[in-house]
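First comes the structure, then the notes that go with it.
And the structure:
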């Protein structure tokens, strides 16, 4: 009974004191402007997608002219994508000889065995990347050793695939970066910084994509189709993803630096 009475007394004391307990501040949070978020989400996507659509045909026409001037014996074709006529220039490629295919198969096999062995001194992240490269070449060379005559792709197929891939990257960059960066809606400086990031990403993709296409076309002509899988699985969308993430990371870094300098205007206490 004494224990019961003491618990009841403690409960009454707690009930009396509870209303006067103040809330504690758990930290500071950035102010979020939901109207600015929606505005830049719509505006940035619409503006940059329209710019991509407007310049798409001209971009591939210029790239085709440059490739035709650099590559010898090149021919020009076009690829129909929705209502767009996208031009390309490509030189005739060639199949690898049996000796070339066997050499690549031997080198890639030995590379894989070394990378998975206990004698490999390289860091794991470098070994993982090299194993991926060696495996792609192992599969490619194995195919050309045994099934070379049934290879279904030509340099024209490569050009069409590349155009389709590059078009997808151009259309994807504004959507991906806008949705990722629009959450930074703390100031009117955010849409400007986000727009600059998207514009730089598109310009970099245009220059890098054009140079990569010319290098790939030259490789297919002079070093055979055995490198075609590597062009897509190693130096294709994987590299596009890396530089897109790099521009995103740069924008986040600049945003953090901006708000650290003016934190009093953008932070508020959270409760």
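Numbering (the numbering used here), first residue to last: 3 to 273.
Idealized CB from N, CA, C, for every residue including glycine.
Bear in mind that the values here come from a model prediction, so they are computed numbers and not experimental data.
For residue 155, the three-state DSSP class (helix, strand or coil): coil
Alpha-carbon spacing of residue 138 relative to residue 156, whole angstroms: 19 angstroms
Any idea what DSSP makes of residue 235, helix, strand or coil? helix
| message | Buried or exposed for residue 164, going by 16 or more other Cβ atoms inside 10 Å? | response | buried
*asked:* I'd like the list of long-range same chain contacts for residue 16, defined as Cβ closer than 6 angstroms, with 5 residues on each side in sequence excluded.
replied: With a pLDDT of 49 at residue 16, under the threshold of 50, the modelled position of that residue is not reliable, and the figure given next carries that caveat. Here the set comprises nothing.
Measuring only the C-alpha atoms, how far is residue 179 from residue 40? 14 angstroms
Return helix, strand or coil for residue 146, following the three-state DSSP convention.
helix
Determine the DSSP secondary structure at residue 92, reduced to helix, strand or coil.
-> strand
task = Return the chain-ordered list of same chain residues with a C-beta closer than 7 angstroms to the C-beta of residue 255, the five sequence neighbours on each side being excluded.
result = In the same chain as residue 255, and ignoring 5 residues on each side of it, no C-beta atom comes closer than 7 angstroms to its own.
Practice item. In the DSSP assignment, find the unbroken beta strand (DSSP E) run with residue 78 in it and report its ends. Key: 77-83
So, with DSSP's three-state summary, where would you put residue 225? Residue state, collapsed to three classes: helix.
Count the C-beta pairs between the segment 221-240 and the segment 192-201 that are closer than 8 angstroms, then say yes if the count reaches three, no if not.
no
Going by the beta-carbon positions, is the gap between residue 246 and residue 47 smaller than 8 angstroms?
no
According to DSSP, residue 87 sits in a beta bridge with which residue or residues? Answer is 82, bridged to residue 87.
| request: Measure the C-alpha to C-alpha separation of residue 100 and residue 149 and round it to an integer number of angstroms. | output: 10 angstroms
Quiz item: Residue range of the alpha helix (DSSP H) that residue 116 falls in?
Solution: 100-118
Do you know whose CA, among 134, 198, 96, lies nearest residue 151's CA?
96
In whole angstroms, what is the alpha-carbon distance linking residue 199 and residue 258?
15 angstroms
Worksheet item: Would you call the CB atoms of residue 42 and residue 187 closer than 8 angstroms?
Response: yes
Can you give me the C-alpha to C-alpha distance between residue 26 and residue 37, rounded to a whole angstrom?
Its pLDDT being 48, under 50, residue 26 is placed unreliably in this model, and the coordinates cannot settle the point.
**Item:** Straight-line gap, residue 92 to residue 120 (C-alpha atoms, nearest Å)
**Value:** 44 angstroms
Go through its chain and collect everything with a Cβ distance to residue 229's Cβ below 6 angstroms, but skip five positions before and after it. Around residue 229: 221.
- Message: By the DSSP assignment, the alpha helix (DSSP H) with residue 35 in it spans what residues?
- Response: Residue 35 -> no alpha helix (DSSP H), and no H or E assigned at all.
**Asked** Okay, do the segment 82-92 and the segment 60-72 touch, 3+ Cβ pairs below 8 angstroms being the bar?
**Response** Touching, yes.
* Asked: Below 8 angstroms between beta carbons: does that hold for residue 104 and residue 147?
  -> yes
- Task: Please determine, among 84, 85, 166, 94, the residue with the shortest C-alpha to C-alpha distance to residue 75.
- Result: 94
For this session: Identify whether residue 187 lies in helix, strand or coil by the three-state DSSP scheme.
Result: coil
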